[in-house]
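Numbering (the working numbering), first residue to last: 446 to 590.
C-beta: ideal position from N, C-alpha, C; glycine also.
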């Protein structure tokens, strides 16, 4: 059974990697080339708001699915998986409006700030915090017993 769990962890990680590798083919994101240039003087791209928000939301849901899979099969705890999903949802609910505001102001708030807000919107960075957090939680619970 342990091998099957690690298979699903690897499958979840491969899913997250696939989303990143295929981002330019799967998702509508006119800011991808804008930020790839790494030039704050690049031309601000034209875009469609509804399409952009739908694409970011769809990408979040895919990342959420694979991240939830990783958390569940690493810790085998449904309550922790739900907590991780809620935490990721909260982070997305906070960062998406901030990033959309950055877009609305054409990144006047700051190029790097906008760049990193975008990272929190499109990448499952919070997973890098959740895994060590839950390992620590598991260790402290085990130490108390």
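Residue range 523-549 is occupied by the alpha helix (DSSP H) that includes residue 549. Going by DSSP, residue 484 is part of no alpha helix (DSSP H) at all; its letter is neither H nor E. Of the candidates 589, 482, 541, 541 places its Cα closest to the Cα of residue 503. Around the beta carbon of residue 563, 16 or more other beta carbons lie within 10 angstroms, which makes this residue buried. Relative to residue 493, the option among 462, 571, 476 whose CA is nearest is 476.
Per DSSP, the unbroken alpha helix (DSSP H) holding residue 471 starts and ends at 468-471. Contact check for residue 529 and residue 555: beta-carbon distance about 30 Å, past the 8 Å limit, so the pair fails to qualify. The C-beta distance from residue 518 to residue 579 rounds to 12 Å, too long to fall under 8 Å, and the pair is not in contact.
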